[in-house]
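**Student:** Okay, so the sequence shown: first residue is 4 according to our numbering, each after it adds one. Could you have a look at this structure, given as structure tokens, before my questions?
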Amino acid sequence: MSFINDNFMISNARGVALYRDVAKELPIIDYHCHLVAKDIFRK
């Protein structure tokens, strides 16, 4: 088992289930990326 895996930094079973059932398939959204929102929206 590698150090960084699907459960990296998840500390309990509820967190694992939440990640697996909800968040895993969602896109990563970084609101702190310093890009202009209009430019992101257009692409």
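Virtual Cβ for every residue (Gly too), placed ideally from N, Cα, C.
#1: Report the CB separation of Asn8 from Val19 in whole angstroms; it is logged as a contact under 8 Å.
#2: Below 8 Å on the Cβ atoms is my guess for Ile31 versus Tyr22; work out the distance and round it to an integer in Å.
#3: Between which two residues does the alpha helix (DSSP H) carrying Val19 extend?
#4: Using only the alpha-carbon positions, how far apart do Asn15 and Phe6 sit?
**Tutor:** Reading off the structure:
#1: No, Asn8 and Val19 are not in contact; Cβ-Cβ is about 11 Å, not under 8 Å.
#2: Rounded, the Cβ-Cβ distance is 13 Å, inconsistent with contact.
#3: Ala16 to Leu21
#4: 16 Å
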